[in-house]
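>
Numbering (the working numbering), first residue to last: 1061 to 1422.
1. Is residue 1364 closer than 9 Å to residue 1257 when the C-beta atoms are compared?
2. In the DSSP assignment, the alpha helix (DSSP H) including residue 1253 goes from what residue to what residue?
3. When you compare the stretch 1329-1336 with the stretch 1281-1297, are there three or more beta-carbon pairs, one atom per stretch, that lie closer than 8 Å?
4. Short check: CB of residue 1296 to CB of residue 1242, under 9 Å?
5. How should residue 1042 be labelled, buried or exposed, when 16 other C-beta atoms within 10 angstroms of its C-beta is the threshold for buried?
6. Are residue 1290 and residue 1377 touching if we call contact CB-CB under 9 Å?
7. Would a C-beta distance cut-off of 9 Å place residue 1254 and residue 1406 closer than the cut-off?
8. Please go through the same chain and pick out, in chain order, the residues whose beta-carbon is closer than 8 Å to the beta-carbon of residue 1104, but skip the five residues on each side of it.
9. Taking the alpha-carbon of residue 1438 as reference, which of 1227, 1261, 1372 and 1218 has the nearest alpha-carbon?
10. Terminal residues of the continuous alpha helix (DSSP H) containing residue 1318?
11. Would you kindly work out how many angstroms separate the C-alpha atoms of residue 1368 and residue 1273, rounded to a whole number?
12. Look at residue 1250 and residue 1223 and say whether their C-beta atoms are less than 9 Å apart.
13. Measure from the alpha carbon of residue 1298 to the alpha carbon of each residue in 1288, 1279, 1278 and 1319, then state which is nearest.
14. Going by DSSP in three states, residue 1035 sits in which element: helix, strand or coil?
15. Drop a sphere of 10 angstroms on the beta-carbon of residue 1325, count the other beta-carbons inside from all chains shown, and report buried for 16 or more, exposed for fewer.
16. Are residue 1408 and residue 1212 close, meaning C-beta to C-beta below 9 Å?
17. How many whole angstroms separate the CB atoms of residue 1398 and residue 1214, which I take to be in contact at a CB cut-off of 8 Å?
18. Go ahead and label residue 1082 buried or exposed: buried means 16 or more other beta carbons lie within 10 angstroms of its beta carbon, across all protein chains shown.
19. Where residue 1144 and residue 1247 are concerned, what is the direct C-alpha to C-alpha distance, given to the nearest angstrom?
20. Roughly how many whole angstroms lie between the Cα atoms of residue 1067 and residue 1090?
21. From 1080, 1339 and 1244, pick the residue whose C-alpha is nearest to that of residue 1277; which is it?
22. Could you give the DSSP three-state label for residue 1180: helix, strand or coil?
23. Can you have a look at residue 1279 and say buried or exposed, based on whether 16 or more other CB atoms are within 10 angstroms of its CB?
24. Does DSSP put residue 1370 in a helix, in a strand, or in coil?
25. Do residue 1244 and residue 1228 have their CB atoms nearer than 9 Å?
26. State the DSSP-derived secondary structure class of residue 1282, mapped to helix, strand or coil.
Structural data, given as structure tokens:
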């Protein structure tokens, strides 16, 4: 409630700022119209013989003064607005600064209206709030987008649950301790990492300031848990490697495709985690106390690549001879059709709700 009230106050201040700038523009236009429509000064005796100078063409004057305000006033208005909102949060400051600059540069009224409507929908976060009639099309679009994201998030949860069930059933016949076996631990890492990615797709863009922080903390927590579970799974694999090699003629796990790709996956996962922590918690990366927001899109794009590599490593793992020949019965791991179904569902659930604005595209 506190975050919502604060964002509502920011919206009111933005509207007040827009009216204030509009008053300056109207006042300047009125002064210029008065100068054009004012009667000419009567000539005195001393100036009766002076040559009459023709006024410049009206079109020439209107071309410079009808729609624009002086550059100095534009800059001063934008600077005053930025100083007024200096103490706000970074999201509020960016919103107000962008709005003030766009207004000062003279954007069309239609673009300003759509920007205001989109800001109200995304900041308030409640599509049931009363909005102007001109915002109905954006309200419908936002409501439909939220429903799509909710459905895709539910689809992702179902696919992750199906993956855990299938992996657990297959692992039950291959190990005496299914709780602490390597496949289930690495499967838990895969589920946590996928969940951390999916939770970012469930909300609209841009996020409200408070909600964005909470989602970022939840995403970081899940990824940290994923790496902890993954390290435990690797330790369990090293501990049991000698026993597994004694019962099968399969190649050593460190030289198999799954082993090599698994080591590479852990390395890039740790690199991605460190890069994300650096981008998230550093406060003055770009100079002048402003964070490097453009780094986030690279962290996000690389994160999807890491997720695909994780699933590819899991695919090689369940088809590894050390996994398929251990236990009371021979098996090919998870069925290929089950893998295709799960992977396709997860890709649909994660990629469909993507917003191109998150990658810097307009």
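Idealized CB from N, CA, C, for every residue including glycine. This one's a predicted model, so the numbers in the text were calculated from it and none came from an experiment.
The structure says:
1. yes
2. 1242-1258
3. yes
4. yes
5. This structure cannot settle anything about residue 1042, because the visible part of the chain is limited to 1061 through 1422.
6. no
7. yes
8. In this prediction, residue 1104 scores a pLDDT of 46, lower than 50, which makes its location untrustworthy; no coordinate-derived value is stated.
9. In the structure as shown, the chain starts at 1061 and stops at 1422, and residue 1438 therefore has no counterpart that could be examined.
10. 1317-1341
11. 26 Å
12. yes
13. 1319
14. Absent from the model: residue 1035. The displayed extent of the chain is 1061 to 1422, so no value can be given.
15. buried
16. yes
17. Their Cβ separation, rounded to whole angstroms, is 20 Å, which puts residue 1398 and residue 1214 out of contact at 8 Å.
18. exposed
19. Here residue 1144 scores only 48 on pLDDT, less than 50, and its place in the model should not be relied on; the value that follows carries that caveat. Rounded to the nearest angstrom, the two C-alpha atoms are 51 Å apart.
20. 35 Å
21. 1339
22. Interpretation of residue 1180 is limited by its pLDDT of 45, a score under 50 that renders its predicted location unreliable; the figure taken from the coordinates is listed afterwards. In this structure, residue 1180 counts as helix in the three-state DSSP scheme.
23. buried
24. helix
25. yes
26. helix
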